[in-house]
Amino acid sequence: MTNSIDEIEYTNAIFAIGTNTTENHPVISSKVKRAVRLHGAKLIVADPREIDMVKYAAIWLRQKPGTDVALLNGMMNVIISEGLYAKEYVEERTEGFDAMKKIVEKYTPAYAEKITGVPADDIRTAARIYAKAGKAAILYTMGITQHITGTDNVKSCANLAMLCGYLGIEGGGVDPLRGQNNVQGACDMGALPVVFTGYQPVANDETRSKFEKAWGVALPPKPGLTIVETLNAAHDGKVKALFVVGENPMLSDPDLTHVKEALNHLDLLVVQDILLSETAELAHVVLPAACFAEKEGTFSNTERRVQRVRKALDAPGQAKADWEIICELSTHMGYPMKYAAPEDIMKEINRLTPSYAGITYERLEKEGIQWPCPNADHPGTKYLHKDRFTRGLGLFHALDYIPPAEVPDAAYPFVMTTGRVLYQYHTGTMSRLSKGITERCPESLVEIHPNDAKKLGIQEGQFAKVTSRRGVVQAKAKVTERVPKGTIFMNFHFKEAAVNLLTNPALDPTCKIPEYKVCAVKVEAA
Amino acid sequence: MEIKKISLTIDGKEIQAIPGQTILEVARANGIYIPTLCQYAGTTNVGACRVCVVDVAGARTLVASCCMPINAGMVIKTDTPAVRAAQRLVVELLWASGDHNCLTCEANGVCELQSLVYWLQIEKPRFNIESPGYEIEETNTMIQRDLNKCVLCGRCIRACNEIQVNEVLDFAGRGFRTKVGPAFDADYIDSECVFCGECVDSCPVGALTFKQAKFQGRPWEIKKVKTTCTYCGVGCQLDLNIHNGKLVKVTGNHEYGQPNEGRLCVKGRFGLDFVQHPNRLTTPLIRKNGELKEASWDEAYEFIAKKLASIKKKHGADSIAGFSSARVTNEENYLFQKFMRAVIGTNNVDHCARL
Chain A
770 MTNSIDEIEY TNAIFAIGTN TTENHPVISS KVKRAVRLHG AKLIVADPRE
820 IDMVKYAAIW LRQKPGTDVA LLNGMMNVII SEGLYAKEYV EERTEGFDAM
870 KKIVEKYTPA YAEKITGVPA DDIRTAARIY AKAGKAAILY TMGITQHITG
920 TDNVKSCANL AMLCGYLGIE GGGVDPLRGQ NNVQGACDMG ALPVVFTGYQ
970 PVANDETRSK FEKAWGVALP PKPGLTIVET LNAAHDGKVK ALFVVGENPM
1020 LSDPDLTHVK EALNHLDLLV VQDILLSETA ELAHVVLPAA CFAEKEGTFS
1070 NTERRVQRVR KALDAPGQAK ADWEIICELS THMGYPMKYA APEDIMKEIN
1120 RLTPSYAGIT YERLEKEGIQ WPCPNADHPG TKYLHKDRFT RGLGLFHALD
1170 YIPPAEVPDA AYPFVMTTGR VLYQYHTGTM SRLSKGITER CPESLVEIHP
1220 NDAKKLGIQE GQFAKVTSRR GVVQAKAKVT ERVPKGTIFM NFHFKEAAVN
1270 LLTNPALDPT CKIPEYKVCA VKVEAA
Chain B
5 MEIKKISLTI DGKEIQAIPG QTILEVARAN GIYIPTLCQY AGTTNVGACR
55 VCVVDVAGAR TLVASCCMPI NAGMVIKTDT PAVRAAQRLV VELLWASGDH
105 NCLTCEANGV CELQSLVYWL QIEKPRFNIE SPGYEIEETN TMIQRDLNKC
155 VLCGRCIRAC NEIQVNEVLD FAGRGFRTKV GPAFDADYID SECVFCGECV
205 DSCPVGALTF KQAKFQGRPW EIKKVKTTCT YCGVGCQLDL NIHNGKLVKV
255 TGNHEYGQPN EGRLCVKGRF GLDFVQHPNR LTTPLIRKNG ELKEASWDEA
305 YEFIAKKLAS IKKKHGADSI AGFSSARVTN EENYLFQKFM RAVIGTNNVD
355 HCARL
């Protein structure tokens, strides 16, 4: 997030696009709802499904899945043509406006309506609410990113915010709400194929030599493979060994049949986890890890706030904290890693990571600190890009709409979109073990529109068979107008209805995210 | 801009305060205790319970200090016989209209009604105790509702509507038959309730309790460990309530501030059964003859180290890849990428940020 969670409550308008906030980030949704109910903020929701947030919205834009760039361009077209944009800000703080403007000219509300299905007048209304707010926040999640145009979608959100001067101000911002407790931290810590900690590129000689000096070894300059690329390489026999810590690609990755084949090709699969996940079941070695309640450390949340994790319980049996396991294995392999406690590891992170330099356990004892925090006296950073962007001038991107990789046709006439539900979490490894949660949400449901259900002869609660070019799953139907006609929604929490048997592994060319939000399927009564 | 303070007197003490503050706020800020029950931080002051009454010179009646804004020159007394008599009457009526059995109550020790009874030195209520005789709601595993203990303070309603804005709870009925609940008098499990548990955290008595925590430890035995939730990216600060090496329940704390100000959701609150689930992995496993078999740590390390070394030798470091985890700590992610880069010698390290 460029800005902070608390700012959402006190801003004038909120544009929530591709985020089912009440279910995926319930506590942030409370801030949005308080902004609307208590402080009179206006909420714009853009989502193909009639999610609960719609109840609180001033206007709801029901775009067809995968048409976000067209929708955002349509809004910008209105803002530019009606002269509602922040001219001074655009002049002083950005570049690339003219090229963007030229592309956006084509996206009149009428043209955008043709692509997105959102009435032209609604596009106008939403654009005006956002542009006239004075300050407004854009919230998004995987509904924006999990497309082959994920990067374009994010850039379009940034375009819109810059156009109105809403970046670098309190109450503004482009705020991705991150879906996992420490996904921000994993990125910050360099668990990415192209960067060390704090996004310092591995390909940069100076950076690499800094880490080489600190770690006392020569380091490889060649960027590595992303998850989906790794699995493809394993499938092709190029990757022979895979070490998986706390992940479950056997449910979370697209096209599971392919994933299983890839994992079966490996000479060595090590899985380090707290439970025997579907992936661990295929492993050659499984290492038992302590869970969050059994160790010390830090997580970084979606607003870049580094917070303490504290030990409340002993780990079961011989299970050990992940950091202890990595240290011991490394030492076993001839590279001694000795740390008395996670605090010592953080001290090493402080030394090597400018944005984390001032974040110490002593300071975290009282409250979390938001990076960048360059030194021990720095209070942390509530919102980014104040007065100047990280790269200097904010760069507008001129982006055209590109349709999803797989669109419905005669053989697979439905769009399937996927996501989470409130009660379960990701691949269900943890949440499904809870009694209360299971009581509320015991099984996977396929959301299908009443008209479609009637045509197909599917009753509420009856099993539906969903087939894509890659696989087939069955789950009970939930007949509801929450989904638009011609679109079904499924979650990916249940191995019994593993929706990623169906999903399309087509990737965004830049960030290699799979297109989970759109694939073509056939639906039948089972 | 400097705000001009006004002066007033509470219990003979001259006090400077900011206009717009309530009598209760000013008293608290100056270390003067006024008991409360329905007042709940972060929600509207409703003045429903009348426990916080004080004597204001010139006022027609005793006034509810939680709702009354201060005026310049106000003379307030918090401890007069009339004030105490009124407070006793209120508390005795609340006591008498419910089934308050501290022997088995989960709120024993943290119950605000119990504290008021003790503080006001009430031996027993002057009225007959008449419990409304509601059935205890046990239709879900997460939240137990015993409306016989409900004092109708409305804190849960405001917590639901104002703190979480879930808009599920409200008052229904009239007079002695007034009750709190979801629409159509439904049980929680049959309502739109999303089980965030905010109502339970807000309940001053034992009407709303965490069902799985029943008989698992009394408030003074429980140790609270502040930590960060392990589910989504909001990073809610929460208290793990531990007794006898067991996770009993999860509670929020409004004083922890950002990012969640005490709010939790159903997953952080009720989704932690996995922590002490029998399915947890407790020993390393190595596949032998197609099956995963228990092994020692040394055997596991030896197996992995040998295999990785031989694969690296034969196919190069880039034939090895690692998936780190968005679930483990910063320190662990740091070490894992260091391990892949410095020990294995590859940048093939990623995690599930894209999934």
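One line per chain: the protein sequences are A and B, in this order. Take the first sequence: its position 330, counting from 1, is numbered 1099 in this note's numbering, and each next residue is one higher. Take the second sequence: its position 270, counting from 1, is numbered 274 in this note's numbering, and each next residue is one higher. Every residue, glycine too, gets a C-beta built ideally from N, C-alpha and C.
DSSP bridge partner residues for residue i (one or two, in chain order)
| i | result |
| --- | --- |
| H247(B) | K250(B) |
| C53(B) | DSSP, once it has assigned bridges, lists no residue as partnering C53(B). |
| S1069(A) | V1075(A) |
| W224(B) | For W224(B), which the question treats as bridged, DSSP gives no partner whatsoever. |
| M1185(A) | I1257(A) and C1288(A) |
| V1241(A) | T1236(A) |
| N1273(A) | E1284(A) |
| Q1139(A) | R1074(A) |
| P970(A) | V964(A) |
Segment limits, beta strand (DSSP E) that includes residue i
| i | result |
| --- | --- |
| A1010(A) | A1010 to V1014 |
| E306(B) | Premise fails: E306(B) lies in the alpha helix (DSSP H), W301 to H319, not in any beta strand (DSSP E). |
| W1092(A) | W1092(A) -> not in any beta strand (DSSP E); alpha helix (DSSP H) instead, spanning D1091 to H1101. |
| Q118(B) | Segment E116 to W123 is the alpha helix (DSSP H) holding Q118(B); no beta strand (DSSP E) there. |
| E29(B) | Premise fails: E29(B) lies in the alpha helix (DSSP H), I27 to A33, not in any beta strand (DSSP E). |
| Y909(A) | A905 to Y909 |
| S11(B) | I10 to I14 |
| W99(B) | No beta strand (DSSP E) holds W99(B); the alpha helix (DSSP H) holding it covers P85 to A100. |
| V823(A) | Taken as a continuous stretch (DSSP letters only), V823(A) belongs to no beta strand (DSSP E), as it is neither H nor E. |
| T213(B) | L212 to F214 |
| Q953(A) | Taken as a continuous stretch (DSSP letters only), Q953(A) belongs to no beta strand (DSSP E), being part of the alpha helix (DSSP H) at V952 to D957. |
| F175(B) | D174 to A176 |
Spatial neighbours of residue i in its chain, beta-carbon cut-off 7 Å, leaving aside the 5 residues before and after
| i | result |
| --- | --- |
| P970(A) | V963, V964 and T976 |
| F866(A) | V859 and F1165 |
| A1296(A) | The requested residue 1296(A) does not occur in the structure, where chain A is confined to residues 770 to 1295. |
| D103(B) | S135, N152 and K153 |
| V67(B) | V57, V58 and V60 |
Buried versus exposed, by CB contacts within 10 Å (16 or more), residue i
| i | result |
| --- | --- |
| L41(B) | buried |
| W1092(A) | buried |
| L1162(A) | exposed |
| W1140(A) | buried |
| C1280(A) | exposed |
| A111(B) | buried |
| G294(B) | exposed |
| E265(B) | buried |
| L181(B) | Per the sequence presented here, residue 181(B) reads as Arg, with Leu not at that position. It is exposed - the Cβ of R181(B) has fewer than 16 other Cβ atoms within 10 Å. |
Contacting residues, own chain, Cβ-Cβ under 6 Å from residue i (five flanking each side not counted)
| i | result |
| --- | --- |
| A1081(A) | A1062 |
| V114(B) | P223 |
| V79(B) | T13 and A61 |
| A1289(A) | E1175, P1177 and Y1181 |
| K802(A) | Y825 |
| T232(B) | G239 |
| D821(A) | T791 |
Chain-order list of residues whose beta-carbon lies under 8 Å from that of residue i (same chain, five-residue window excluded)
| i | result |
| --- | --- |
| I1094(A) | Q1041, L1056 and A1058 |
| R331(B) | T234 |
| Q1087(A) | P1057 |
| T1150(A) | R1073, Q1139, W1140, P1141 and C1142 |
Element boundaries [alpha helix (DSSP H), containing residue i]
| i | result |
| --- | --- |
| K982(A) | D974 to W984 |
| P1111(A) | P1111 to L1121 |
| P1018(A) | P1018 to S1021 |
| N204(B) | The displayed chain sequence assigns Val, not Asn, to residue 204(B). Where V204(B) is concerned, the enclosing alpha helix (DSSP H) stretches over E202 to S206. |
| E336(B) | N334 to K342 |
| A804(A) | P795 to H808 |
| I898(A) | A889 to K901 |
Under 9 Å by beta carbon: chain D residues contacting residue i
| i | result |
| --- | --- |
| K311(B) | The displayed structure is made up of protein chains A and B, and chain D is not among them. |
Original post:
the region 254-277 of chain B: which residues have C-beta closer than 9 Å to a C-beta of chain A, in chain order?
Top reply: Flagged, chain order: Y260, G261, Q262, P263, N264, E265, R267, L268, C269, V270, K271, G272, R273, F274, G275, L276 and D277.
**OP:** Identify each residue in the region 1192-1206 of chain A for which the Cβ-Cβ distance to at least one residue of chain B is less than 7 Å, and report them in chain order.
**Re:** So the close ones are Y1192, Y1194, M1199, S1200, L1202, S1203, K1204, G1205 and I1206.
Original post:
If you measure beta-carbon to beta-carbon, which residues of the region 962-977 of chain A are closer than 8 Å to chain B?
Top reply: Within the region 962-977 of chain A, the qualifying residues are P962, V963, F965, T966 and V971.
**OP:** Quick one: which residues of the region 335-356 of chain B get their C-beta closer than 8 Å to a C-beta of chain A? List them in chain order.
**Re:** Flagged, chain order: E335, E336, N337, Y338, L339, F340, Q341, K342, F343, M344, R345, A346, V347, G349, T350, N351, N352, V353, D354, H355 and C356.
Original post:
Taking a cut of 7 Å between CB atoms, which residues from the region 835-861 of chain A lie near chain B?
Top reply: Only those residues of the region 835-861 of chain A whose C-beta falls short of 7 Å from the nearest C-beta of chain B would be listed, and there are none.
Subject >> Cβ-based contacts, 7 Å cut-off: residues of the region 981-993 of chain A near chain B >> reply: Correct list: W984, V986, L988, P989, K991, P992 and G993.
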